[in-house]
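Input: a single structure, listed below in structure tokens.
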Amino acid sequence: MVQFLNENGEFAVASKEHEIYAQFIRDLRESDFLKFYRDMARIRRFDNEATALQRQGQMGLWVPAVGQEGAQIGSGHAVGPNDNIFPSYREHGVAITHGVDLMSIIKMFRGVNHGGWNPYEKKFHLYAIVLGAQTLHAAGYAMGVNFEGKVATGNPEIDEAVITYFGDGATAEGDISEALLMAATTNAPLVFFCQNNQWAISSAVETQTKVPLYRRGEGFGVPGIRVDGNDVLACYAVTKKHMDDARNGLGPYLIEALTYRIGAHTTSDDPSKYRDAEQVAYWQARDPIIRFEKFLRSQGIGQDFFDEVQAAGDQLAAEIRETTFALPEPELELIFDHVYSEPHPLIEEQRAWLRGFEESLGGHTPTDDGENKVDYGGSR
Ligand SMILES: Cc1ncc(C[n+]2csc(CCOP(=O)(O)OP(=O)(O)O)c2C)c(N)n1
Ligand SMILES: [Mg+2]
Numbered sequence: 247m248v249q250f251l252n253e254n255g256e257f258a259v260a261s262k263e264h265e266i267y268a269q270f271i272r273d274l275r276e277s278d279f280l281k282f283y284r285d286m287a288r289i290r291r292f293d294n295e296a297t298a299l300q301r302q303g304q305m306g307l308w309v310p311a312v313g314q315e316g317a318q319i320g321s322g323h324a325v326g327p328n329d330n331i332f333p334s335y336r337e338h339g340v341a342i343t344h345g346v347d348l349m350s351i352i353k354m355f356r357g358v359n360h361g362g363w364n365p366y367e368k369k370f371h372l373y374a375i376v377l378g379a380q381t382l383h384a385a386g387y388a389m390g391v392n393f394e395g396k397v398a399t400g401n402p403e404i405d406e407a408v409i410t411y412f413g414d415g416a417t418a419e420g421d422i423s424e425a426l427l428m429a430a431t432t433n434a435p436l437v438f439f440c441q442n443n444q445w446a447i448s449s450a451v452e453t454q455t456k457v458p459l460y461r462r463g464e465g466f467g468v469p470g471i472r473v474d475g476n477d478v479l480a481c482y483a484v485t486k487k488h489m490d491d492a493r494n495g496l497g498p499y500l501i502e503a504l505t506y507r508i509g510a511h512t513t514s515d516d517p518s519k520y521r522d523a524e525q526v527a528y529w530q531a532r533d534p535i536i537r538f539e540k541f542l543r544s545q546g547i548g549q550d551f552f553d554e555v556q557a558a559g560d561q562l563a564a565e566i567r568e569t570t571f572a573l574p575e576p577e578l579e580l581i582f583d584h585v586y587s588e589p590h591p592l593i594e595e596q597r598a599w600l601r602g603f604e605e606s607l608g609g610h611t612p613t614d615d616g617e618n619k620v621d622y623g624g625s626r
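Counting from 247, one number per residue, gives the positions in the sequence shown under the numbering used here.
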């Protein structure tokens, strides 16, 4: 496993083979380190705020990424300006490295839009809830990059690569095997980034695979490596190396970032039902943000910086709260939009049924009766 920062935040290159990755860290400046820390702290603060807002009835669901900030911010910053990202549904950290407005994600989980950001502009595609589907989209896109000759031209303005994110549980989906095979046989410029957070809802990773996940691609011809997913520097370096290689025509690669989902699967889940508190405590002691803070302090970064980040977090949380309270209620019929690009009889039939059902309630939808709502005393 590639690791540069141990849990005490001490930097070391454990083996000669890891030198090919370590060079990318030596190229970083202090401002890059501070950016990594700021982004990890920002996304943690956002995530905790979003969980609270869901609990107050502001969103139907929230998907926390707490504990996975090192994997997401490190890898996200290694993606180049021409590259495209195909995420799953927990990649809020990767999203901010590519300028996605955090409120877009809140709106999606509130049900007032389908994501809302422009994937062509951000090069960060819409969240995919169907496990593994996005890896096929990414493989197809990366094959298209090859067809267009945008690989290994030697011109950084032209060359591009693709990265796709998925979880440990998703690897059991056939889609991911198919994507690995297609990427390998077409030498597509695609990095498969698996966040092994060790749980797929209540299924432990050991129940999903007999071999370490970084070796899942071998039989298809996709080499892989495991990286410490709670070490932001290692995640950055390993992703940078393999995205550069993909852009230079070396084909697909699989990265398994070993991390841990500290929170619940979603706000509908209670993880205390299926996992031990000791396991959570073990991983809390390996928190990616605390580890990086220790490293930064050892490099002479003072308390002022951490105070500034804390204040920025307070401000962000206040803004997110205020903006969320001002959002409209979801329009129920929005769920029928964009299922098909053209009108479709089955969708129209379902829409007509819903309208009839709502009318039969006499204007009172189940959410209007106050049962599922919190009274904000007029402050909403
Ligand atoms: C094709 C498909 N099957 C089942 C589900 C229901 N489901 C949603 S998340 C999830 C677990 C996924 O675990 P993992 O891939 O490890 O990702 P994580 O949620 O841990 O980030 C399941 C089974 C789904 N969304 N799509
Ligand atoms: Mg998982």
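All C-beta atoms, glycine included, are put in the ideal place defined by N, C-alpha and C. Just so you know, these numbers come straight off a predicted model, no measurement behind them.
- Query: Which term fits glutamate 315, buried or exposed, when burial requires 16 or more other beta carbons within 10 angstroms of its beta carbon?
  - Reply: Position 69 of the sequence shown, counted from the first residue, corresponds to residue 315. Answer is buried; the Cβ neighbour count reaches 16.
- Query: Who are the Cβ neighbours of glutamate 539 in its own chain at under 8 Å, not counting the five residues just before and after it?
  - Reply: The residue labelled residue 539 in the question sits at position 293 within the sequence shown. Taking glutamate 539 as the centre and dropping the five residues before and after it, the same chain places the C-beta of Gly255, Tyr283, Phe552 closer than 8 Å to its C-beta, in chain order.
- Contact test: tryptophan 529 Cβ vs ligand 2 heavy atom, cutoff 7 Å: The residue labelled residue 529 in the question sits at position 283 within the sequence shown. No; taking the cut-off as 7 Å, the Cβ of tryptophan 529 has no heavy atom of ligand 2 nearer than that.
- Limits of the unbroken alpha helix (DSSP H) element including phenylalanine 538: Taking the sequence shown and counting its residues from 1, one reaches residue 538 at position 292. 534-544 is the span of the alpha helix (DSSP H), which, as asked, contains phenylalanine 538.
- Assign isoleucine 471 to one of three DSSP states: helix, strand, or coil. Counted from its first residue, the sequence shown places residue 471 at position 225. Correct three-state label for isoleucine 471: strand.
- Go to leucine 592, then tell me how far its alpha helix (DSSP H) extends in each direction, as first and last residue. Here the question's residue 592 lines up with position 346 in the sequence shown. From DSSP, the alpha helix (DSSP H) with leucine 592 extends over 591-606.
- Task: Rank Lys353, Leu382, Ile319 by C-alpha distance to the C-alpha of glycine 306 and give the top, closest one.
- Result: Along the sequence shown, read from residue 1 onward, the residue named residue 306 stands at position 60. With distances taken between Cα atoms, glycine 306 lies closest to Lys353.
- Which one or two residues does DSSP pair with tyrosine 411 in a beta bridge? Taking the sequence shown and counting its residues from 1, one reaches residue 411 at position 165. DSSP lists Phe439 as partners of tyrosine 411.
- Along the beta strand (DSSP E) that carries tyrosine 499, what are the first and last residues, could you check? What you label residue 499 is simply residue 253 of the sequence shown in a count that begins at 1. 499-504 is the extent of the beta strand (DSSP E) around tyrosine 499.
- Cβ separation of lysine 368 and histidine 344, assumed to be a contact under 8 Å, to the nearest whole Å: Residue 368 sits at position 122 when you count from the first residue of the sequence shown. Residue 344 sits at position 98 when you count from the first residue of the sequence shown. That belief holds up - the Cβ atoms of lysine 368 and histidine 344 are roughly 5 Å apart, short of 8 Å.
- Taking 7 Å as the line, does the beta carbon of isoleucine 375 fall inside it for any heavy atom of ligand 1? As a working note, residue 375 is residue 129 in the sequence shown. Checking every heavy atom of ligand 1 against the Cβ of isoleucine 375, one is found closer than 7 Å.
- Message: Bridge partners for isoleucine 331 per DSSP, in chain order?
- Response: Position 85 of the sequence shown holds residue 331. Paired residues: Phe370, Ile409.
- CB of leucine 500 within 8 Å of CB of glycine 470, strictly: Residue mapping note: residue 500 aligns to position 254 of the sequence shown, counting from 1. Residue mapping note: residue 470 aligns to position 224 of the sequence shown, counting from 1. Contact annotation: leucine 500 and glycine 470 have beta-carbon atoms nearer than 8 Å.
- Message: Closer than 7 Å to a non-hydrogen atom of ligand 1 - does that hold for the CB of glutamine 525?
- Response: Reading the sequence shown from its first residue, position 279 is the one you call residue 525. No, since every heavy atom of ligand 1 falls outside the 7 Å radius drawn around the Cβ of glutamine 525.
- Message: Between which residues of its own chain and alanine 324 is the CB-CB distance below 7 Å, once the five residues before and five after are set aside?
- Response: Within the sequence shown, numbered from 1, the residue matching residue 324 stands at position 78. Counting only Cβ-Cβ distances below 7 Å, and skipping sequence neighbours, we find Tyr482, Thr485, Lys486, Met489.
- glutamate 502 to glutamine 441, Cα distance in whole Å? Indexing the sequence shown from 1 puts residue 502 at position 256. Indexing the sequence shown from 1 puts residue 441 at position 195. C-alpha separation (whole angstroms): 6 Å.
- Item | Residues near valine 309 in its chain [Cβ-Cβ closer than 6 Å; skip 5 each side] | Position 63 of the sequence shown, counted from the first residue, corresponds to residue 309. In its chain, beyond the 5 residues on either side, Tyr335, Arg336, Thr512 have a beta carbon closer than 6 Å to the beta carbon of valine 309.
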